[in-house]
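Student: Handing you a structure now.
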Amino acid sequence: MILVKKSNIAGAKRAAFKRIMLFPLLFLLIGCAAAQTFSLFNDQNMIDKGLIGPYAKANLSSFSVSYLNNGIPVIIKKNEANTTVTIKTVLLGHVSLTPKEKAGLEAVTLTMLTKGSQKYSYGDVKRILFERSSTISPSFESFDMTSFDLITLDKYFDELFPVYADAFLHPRWDEEEFLRVMNDFKLSKRKAENDAYSRMVIKLHEKFFEGHPYAASWKGVGNSLESITLEDVKEYYKAAFSSGRIFIVAAGNFDTKKLLTKINASFGMLPQKNFMLPDVPSFLGKVKPALILEPFEESRNLAYVRGDYALPSRDNMDFPALMVAFNLLNDILFEIVRTQNGACYSVWAGTPGFKANYGNITIYKTAVPREVKRYIDESITALLSGRCLAGKVSSSTGEEGSIGKDGSASEHKDVFVPITEALQFYKIQAITHYYSGQQTNMSIADQIASSVVYNHDFRDYLLLIDRINAVTPEDIIRVTKKYLANNPIFWIVLGSSSMLRDVKSSDYLIP
Numbered sequence: 156m157i158l159v160k161k162s163n164i165a166g167a168k169r170a171a172f173k174r175i176m177l178f179p180l181l182f183l184l185i186g187c188a189a190a191q192t193f194s195l196f197n198d199q200n201m202i203d204k205g206l207i208g209p210y211a212k213a214n215l216s217s218f219s220v221s222y223l224n225n226g227i228p229v230i231i232k233k234n235e236a237n238t239t240v241t242i243k244t245v246l247l248g249h250v251s252l253t254p255k256e257k258a259g260l261e262a263v264t265l266t267m268l269t270k271g272s273q274k275y276s277y278g279d280v281k282r283i284l285f286e287r288s289s290t291i292s293p294s295f296e297s298f299d300m301t302s303f304d305l306i307t308l309d310k311y312f313d314e315l316f317p318v319y320a321d322a323f324l325h326p327r328w329d330e331e332e333f334l335r336v337m338n339d340f341k342l343s344k345r346k347a348e349n350d351a352y353s354r355m356v357i358k359l360h361e362k363f364f365e366g367h368p369y370a371a372s373w374k375g376v377g378n379s380l381e382s383i384t385l386e387d388v389k390e391y392y393k394a395a396f397s398s399g400r401i402f403i404v405a406a407g408n409f410d411t412k413k414l415l416t417k418i419n420a421s422f423g424m425l426p427q428k429n430f431m432l433p434d435v436p437s438f439l440g441k442v443k444p445a446l447i448l449e450p451f452e453e454s455r456n457l458a459y460v461r462g463d464y465a466l467p468s469r470d471n472m473d474f475p476a477l478m479v480a481f482n483l484l485n486d487i488l489f490e491i492v493r494t495q496n497g498a499c500y501s502v503w504a505g506t507p508g509f510k511a512n513y514g515n516i517t518i519y520k521t522a523v524p525r526e527v528k529r530y531i532d533e534s535i536t537a538l539l540s541g542r543c544l545a546g547k548v549s550s551s552t553g554e555e556g557s558i559g560k561d562g563s564a565s566e567h568k569d570v571f572v573p574i575t576e577a578l579q580f581y582k583i584q585a586i587t588h589y590y591s592g593q594q595t596n597m598s599i600a601d602q603i604a605s606s607v608v609y610n611h612d613f614r615d616y617l618l619l620i621d622r623i624n625a626v627t628p629e630d631i632i633r634v635t636k637k638y639l640a641n642n643p644i645f646w647i648v649l650g651s652s653s654m655l656r657d658v659k660s661s662d663y664l665i666p
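Count along the sequence shown starting at 1, add 155, and that's the number in the numbering used here.
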């Protein structure tokens, strides 16, 4: 790996522990830390004043919030639209709680919960789930939270909930299953490292996340997976699966009183523990322009390009405008980089919306890595000038499948229109994409959980329609200038040695 210029992301101060601490001490500090509450009602003042749209108002009555005997909040979303029901037990914190040397520990622990419990062997669990067309599964592909989920038909819920609760509360910790779980994690990590695109992201984040809690990826880092033992998992479960970092989301056609009785008789028996979540500092103001040239001969005659940059978190007032701006930019990027110049197979920009948030611009498969940054700049400039595509219009050259042909953007400028003319289309597109996730109760539960973790109110996702509709053309230009045109970007170009030979720092970095 060739690092042209190093990132200068400041080392993160850890609220509950430092990464250099010995592993057993981590557990001691987690177990003894002072309580940190998390908000469920951040939007209450706005709701009380009626400063919400009709969609939010229509859905508020379907929610109820209760607390178990040990203080765990339970958010229930009544939904009679289908017969599938979901229970999601959410744990806050995730990678900020695991040292880099044990990266992947919480993901492994959650996976082990699916491998049998004290009352139900793994064989019993598999049989019951198969016969009832149900799933019990972990979710850990987020830096900031994990969850343990049950999805089943409402007619099977009374039968499945005891299996689910016993799996979470009384794991079996089978040694043979642990070896299989670890083998699966190691195999997945090796597979990612041998895939050009995934390897590019891994290598970029090794530097971009350096010194930050996000460096401890759930996929494992370095030899972290080799270091995790079953005793580590047991200790971590005992210390970190604490009532102080848990809330529960239920979505479906539930009898609320009956459901709460079941949950309180099981999850309400967890010991009440205080819990301090470590700080997750923002990347804003801490990223320096840089370029990594990453040789990877297996990519053959193609290169992969990505640039990451700091963005505000979801609860920032700029975030709705950024969501819409990325939709506009994606069409512009596709038009200029691929359609007009045939410089790649695909291109996109976006953000995962984490607590310490960042964005990315990605060029997937290109034969001209020296040229694509210029086309990216041209795309951002078009948006800055107040112009965009007229809602999914593309002036196809008839050679969209080519990667690396010469082209002239000047021949196709007529496909661009003022943002004012197309903005409503892109607002609808953003809203439709976001709310299409509400087709299942699992998706609704996911949105509720994310609203708590990132916006501090379980109802916050209902307000996104209003926030997106309030975005103006001026907002689009403002956030584009602030977070794309004038924001330092950390770049990586991955490809064979021959592809990287002529790539220079000046192709990506301003001298």
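Even glycine gets a Cβ: it sits at the ideal position worked out from N, Cα and C.
1) Does DSSP put Ser661 in a helix, a strand or coil?
2) Can you say whether Val648 is buried or exposed, counting buried as having 16 or more other CB atoms within 10 angstroms of its CB?
3) Considering Cα atoms alone, identify which of Ile401, Asn429, Leu544 is closest to Pro228.
4) Please report the Cβ distance between Leu265 and Trp328, rounded to the nearest whole angstrom; I am assuming they are in contact, meaning their Cβ atoms lie under 8 Å.
5) If I follow the unbroken alpha helix (DSSP H) through Ser421, where does it start and stop?
6) Can the beta-carbon of Val318 be found less than 9 Å from the beta-carbon of Ile283?
7) Is the beta carbon of Leu617 closer than 9 Å to that of Ala211?
8) Quick one, are the C-beta atoms of Asp657 and Lys528 less than 9 Å apart?
9) With 9 Å set as the bound, which would you pick, yes or no: does the beta-carbon of Leu359 sit closer than that to a beta-carbon of chain C?
10) Report the three-state DSSP secondary structure of Ser652 (helix, strand or coil).
11) Tell me which residues share the same chain as Gly541 and place their Cβ nearer than 7 Å to its Cβ, disregarding the 5 neighbours each side in the sequence.
12) Under three-state DSSP, which class holds Gly366?
13) What ranges does the beta strand (DSSP E) occupy inside the segment 292 to 371, keeping only unbroken runs of at least 3 residues that lie completely in it?
14) Report buried or exposed for Ser563, applying the criterion of at least 16 other Cβ atoms within 10 angstroms of its Cβ.
15) If you draw a straight line from the C-alpha of Ala370 to the C-alpha of Lys358, how long is it?
16) Taking a contact to mean a Cβ-Cβ separation below 9 Å, would you say Trp646 touches Leu446 in this structure?
17) Thr307 to Asn225, Cα distance in whole Å?
18) One question on the structure: do Ala687 and Ile231 come within less than 9 Å of each other, judged by their Cβ atoms?
19) Tell me which same chain residues have a C-beta within less than 8 Å of the C-beta of Asn349, skipping the five on either side of it?
20) Tell me, to the nearest whole angstrom, how far the beta carbon of Leu246 is from that of Arg614; I am working on the premise that it is less than 8 Å.
21) Report the partner residues of Ser515 according to the DSSP bridge assignment.
22) Roughly how many angstroms separate the alpha carbons of Tyr638 and Met424, rounded to a whole number?
23) Just reading off the alpha helix (DSSP H) that Thr669 is part of, what are its end residues?
Tutor: Let me lay it out:
1) helix
2) buried
3) If we check each option's Cα against that of Pro228, Ile401 comes out closest.
4) Contact flag wrong, Cβ pair sits at about 13 Å.
5) 411 to 421
6) yes
7) Yes, the pair counts as a contact, with Cβ atoms nearer than the cut-off.
8) No, they are not a contact pair.
9) Any reference to chain C falls outside this structure, which holds one protein chain only.
10) helix
11) Pro573, Ile574, Pro628, Ile632
12) In the three-state reduction of the DSSP assignment, Gly366 falls in the coil class, being assigned neither a helical nor a strand state.
13) 300 to 308
14) Per-residue confidence for Ser563 stands at a pLDDT of 40, beneath the threshold of 50, marking its modelled position as unreliable; the derived number appears in the next sentence. Looking at its Cβ environment, which holds fewer than 16 other Cβ atoms inside 10 Å, Ser563 is exposed.
15) 11 Å
16) yes
17) Using only the alpha carbons, I get a separation of about 26 Å.
18) What is shown of the chain runs 156 to 666, which leaves residue 687 out entirely.
19) Glu453
20) Rounded, the Cβ-Cβ distance is 21 Å, inconsistent with contact.
21) Checking the sequence, you will find Asn at residue 515 rather than Ser. According to DSSP, Asn515 bridges with Asp463, Gly505.
22) 47 Å
23) Nothing about residue 669 can be read from this structure; the chain reaches only from 156 to 666.
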